[in-house]
Amino acid sequence: MDTQADAVREPSPSGTLSDAVPTAPTAEAAAATAVETAPATGEQAAPSAPAPASPVAATPPVGVAPAGPPPVLDHPGILESSERLREAVSALHLPLVVEDVDQSRVDRERLQAQLDDYLLPRLRRMDAPLLAVIGGSTGAGKSTLTNSLVRKEVTRSGVLRPTTRSPVLVHHPYDSGAFLSQRILPNLARVTAEAPEPIQPIDVDAPRITALRLVPHEGVPAGLAIIDAPDIDSVVDTNRELAVQLLAAADLWLFVTTASRYSDAVPWEMLRTASDRGASVAVILDRVPRESIREVRTHLATLLRDRGLASSPLFTIPEARLSDGFLPDAVVKPLLTWLQRLAKDARSRDVIVRRTLAGALDSLRERVYVVADAADAQRDADAALREALQATFAENTGVLRERLSDGTILRGEVLARWQEWVGTGEFMRTLESSMGRIRDRITASLRGKPAPVEPLGEALQTGVQAIVRASAQATLEQSVLGWRAIPAGAALIERAATTTTLAPDFEVRLARAVAEWHAGVVELVQVEGQSRRLTARALSLGVDGTAAILTLVVFSHTLGDGNDSEAAAGTAALANRMLVAVFGEQAVRSLTAKAHADLVSRVDALMESERARIVGVLDAAGVLHDAGDRLRAAVGALEEAR
0 MDTQADAVRE PSPSGTLSDA VPTAPTAEAA AATAVETAPA TGEQAAPSAP APASPVAATP
60 PVGVAPAGPP PVLDHPGILE SSERLREAVS ALHLPLVVED VDQSRVDRER LQAQLDDYLL
120 PRLRRMDAPL LAVIGGSTGA GKSTLTNSLV RKEVTRSGVL RPTTRSPVLV HHPYDSGAFL
180 SQRILPNLAR VTAEAPEPIQ PIDVDAPRIT ALRLVPHEGV PAGLAIIDAP DIDSVVDTNR
240 ELAVQLLAAA DLWLFVTTAS RYSDAVPWEM LRTASDRGAS VAVILDRVPR ESIREVRTHL
300 ATLLRDRGLA SSPLFTIPEA RLSDGFLPDA VVKPLLTWLQ RLAKDARSRD VIVRRTLAGA
360 LDSLRERVYV VADAADAQRD ADAALREALQ ATFAENTGVL RERLSDGTIL RGEVLARWQE
420 WVGTGEFMRT LESSMGRIRD RITASLRGKP APVEPLGEAL QTGVQAIVRA SAQATLEQSV
480 LGWRAIPAGA ALIERAATTT TLAPDFEVRL ARAVAEWHAG VVELVQVEGQ SRRLTARALS
540 LGVDGTAAIL TLVVFSHTLG DGNDSEAAAG TAALANRMLV AVFGEQAVRS LTAKAHADLV
600 SRVDALMESE RARIVGVLDA AGVLHDAGDR LRAAVGALEE AR
């Protein structure tokens, strides 16, 4: 036999499943049997006498077991469960930066792509044409092989790399309906053009390919379609991504490598993936020097066998001169004959389809669990960020509440306005003396000459706003620092710069809240005065003045006797004595509690609005806390349906 390619043997009469698939030279046979070499010449050699048949029984492609019936995958529950799994995968987003998130995103994308591109389309149409994808390394001769199989230039070949960007799907005209729709590879638009794509300059940053070029041609047998895929090790990132996607969508991988590249790491990584997923694979060893066929083929076959691909058909194509851009007929005939017999035999197609499909389904559990674990990591990161934010705001809001009642406001501008209003700066005098001065002020009030209280009221409101604003800003800064210590939080802050500053309308809302609170204090005084049949003039200092005194009491009702300033302590004591003199001690306690509760409620609402605004950044990320559980439940239901 000429060793440019092994002859296709007839199915064995053993009665096992190997009868269902056209047999071909396998890696196992090549590793166990020496191969006779052809003359070392660039010309096509004349066929030599047939070599004895290999003593190793031919086996179907990997993923097709040598015995036992093909799996039953037509049960409607399998399709329904697969669709629910797809919904769960599609709903999952991995927006937060956690450990290994880039790989997790790739895993999720590839899982969804295989569901969309292969599993669901195949489950919906088990009788659709067999899809064979020709993939391999740069310069392996994929495009030349594709053109040579159909004897027409349907895909670009040449010395410039990459020659193929847009994938080319060649099919029999009778099968056009199966590929014009979006049944398979739904994210790729359909382009119908028989001419090869024009030569394009190499651009390592080329955008993602969005089209699949369909070429109907009678050189491809009905029931079979061939895709010429981009290089799996292309310098163009999008080419590599598309190559992986197309191989995952295939019923049969036609993996092309060369005598000089077959031991490269990238092809073996792809073949390992195929083996792990139970995909049907045929290996084409291309451009083999004739004098090295025995050595290279045997070594490659041994590698395939050692990596679980012993039953993969192995075709050898020696170096040969091209004629009009095509390999000689005799060189590609064994592979073409095998594919033609595969296409014509419905049972053979069914075996490969079901075994590859079963292998893909078998691989789902592990792949889904990997993605589910990534979803759990997102959930945990989201929870950690929310917890850190909540803790910071809760602590700082508590501190702010204390500052609004511990006399902090009774300093600076407020103290100066108070002194002006009561007409004394000697706050440590006896209260009796102070009350005498107040009586003088009351007398003036009754004569229609009340002291102006507006500056004190304005100073009180301004002081409240300053304390709340400073606390809110400090809380925000501490929250940002806490998030920056978490990778997911640091990334969110970089994407949402508004998290580092107060909301644009915070100042307006703060002023409105304080003004409304002050109006509420005035209303409390009015209601209390009416209940005691007191008029505003009878309150000596007027409603506004009495409200200002009540405000001072609110801001100092937890002021202690320790390290507080004497001025603040004196102010608080005098204000409280004045208010008690008007309303009584019990009423003052009630008024103070109501006014303080109203202030705390309004301030809490402002702080909560800032916390909610930052939480909104997390909410917008769209982390689903039950995503991992949903994925595990979905794949579990699919396994049960099988």
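Numbering follows numbering that gives the first Met the number 0, with no gaps: position 297 of the sequence shown is 296. Virtual Cβ for every residue (Gly too), placed ideally from N, Cα, C.
- In the displayed model, His-595 falls within a helix according to three-state DSSP.
- It is roughly 52 angstroms from the alpha-carbon of Thr-297 to the alpha-carbon of His-624.
- Within the model, the alpha-carbon separation for Leu-475 versus Gly-138 is close to 57 angstroms.
- If you draw a 10 Å sphere on the C-beta of Thr-256, you find 16 or more other C-beta atoms in it, and that means buried.
- Between Glu-98 and the set Leu-360, Gly-541, Ile-485, the nearest pair of CA atoms involves Ile-485.
- Here the alpha carbons of Ile-77 and Asn-395 stand approximately 54 angstroms from one another.
- When secondary structure is reduced to three states using DSSP, His-298 falls in the helix class.
- Under DSSP, Thr-315 forms a beta bridge with Leu-284.
- When the beta-carbon positions are compared, Tyr-117 and Ala-248 come within less than 8 angstroms of each other.
- Between the alpha carbons of Pro-503 and Arg-182 lies a distance of about 49 angstroms.
- When only Cα atoms are considered, Gly-406 and Ala-465 end up about 14 angstroms apart.
- Spatial neighbours of Ala-177 in its own chain (CB-CB distance under 7 angstroms, excluding positions within 5 residues in sequence) are listed in chain order as Ala-127, Pro-128.
- If the five residues before and after Leu-558 are omitted, its C-beta is found closer than 6 angstroms to the C-beta atoms of Asp-405, Gly-406, Ala-571, all from its own chain and listed in chain order.
- Going by DSSP, Ala-329 is part of the alpha helix (DSSP H) stretching over 328-343.
- Ile-613 is the residue among Ile-613, Leu-399, Arg-601 whose C-alpha sits nearest the C-alpha of Ile-492.
- The alpha-carbon separation between Val-421 and Ala-387 amounts to approximately 47 angstroms.
- Under a 10 Å Cβ-count criterion, Asn-575 is classified as buried, with 16 or more other Cβ atoms of the shown protein chains found around its own Cβ.
- Ala-23 is positioned such that its CB atom lies closer than 8 angstroms to that of Trp-337.
- Within 10 angstroms of the beta-carbon of Tyr-173 lie fewer than 16 other beta-carbons, which makes it exposed.
- In this structure, the CA atom of Ile-133 is about 49 angstroms from the CA atom of Arg-385.
- Arg-610 and Gln-389 have their alpha carbons spaced roughly 8 angstroms apart.
- By the Cβ neighbour-count rule, Leu-399 is buried, with 16 or more other Cβ atoms within 10 Å of its own.
- The stretch 275-282 makes no contact with the stretch 230-238; the number of CB pairs closer than 8 angstroms stays below 3.
- The secondary-structure analysis by DSSP pairs Trp-252 across a beta bridge with Val-132, Val-280.
- For the alpha helix (DSSP H) assignment, the uninterrupted runs of no fewer than 4 residues enclosed by the stretch 352-422 are, from N- to C-terminal side, 411-421.
- The DSSP assignment places 100-113 as complete runs of the alpha helix (DSSP H) inside the stretch 97-121, in order along the chain (cut-off: 4 residues).
- Three or more Cβ pairs closer than 8 angstroms define a contact, and the stretch 356-369 meets that threshold against the stretch 102-112.
- Within its own chain, the residues whose Cβ lies closer than 8 angstroms to the Cβ of Ala-374, once the five positions on either side in sequence are excluded, are Leu-91, Leu-93, Leu-623, Ala-626, Gly-627, Leu-630, listed in chain order.
- Beyond the five residues adjoining it in sequence on each side, His-74 comes within less than 8 angstroms, by CB distance, of Ala-640, Arg-641 in the same chain, given in chain order.
- Boundaries of the alpha helix (DSSP H) around Val-553: 541-553.
- By alpha-carbon distance to Ala-393, the top candidate from Arg-304, Gly-488, Ala-604 is Ala-604.
- By the Cβ neighbour-count rule, Ala-594 is buried, with 16 or more other Cβ atoms within 10 Å of its own.
- Of the candidates His-556, Asp-115, Asp-597, His-556 places its Cα closest to the Cα of Leu-573.
- Counting along the chain, Leu-246 sits inside no beta strand (DSSP E); it lies in the alpha helix (DSSP H) bounded by residues 236-247.
- Taken in chain order, the complete alpha helix (DSSP H) segments of 4 or more residues contained in the stretch 481-524 are 486-494.
- From the listed residues Leu-144, Ala-264, Leu-414, Ala-357, the smallest Cα separation to Glu-638 is found for Ala-357.
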